[in-house]
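Residue numbers (our numbering): 11 to 49.
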């Protein structure tokens, strides 16, 4: 049997995000969608 294991990676850039001053709301939404997809 040849089962594929899918993975995902996100690259988040921007001074506000990387410094922690701003929370990226899109990452949580993307993570939820990926989880539903089984990734």
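Cβ atoms here follow ideal geometry from the backbone N, Cα and C, with glycine treated the same way.
Would you kindly work out how many angstroms separate the C-alpha atoms of residue 44 and residue 36, rounded to a whole number?
12 angstroms
Could you name the residues of the same chain whose beta carbon sits closer than 8 angstroms to that of residue 48, not counting the 5 residues immediately before and after it, in chain order?
16
Does residue 37 come out as helix, strand or coil in the three-state DSSP assignment?
Here residue 37 sits in helix by DSSP.
Among residues of its own chain, excluding the 5 on either side of residue 14, which ones have a beta-carbon nearer than 6 angstroms to its beta-carbon?
Within its own chain, no residue has a Cβ closer than 6 angstroms to the Cβ of residue 14 once the five positions on either side in sequence are excluded.
For residue 23, which of helix, strand or coil comes out of DSSP?
coil
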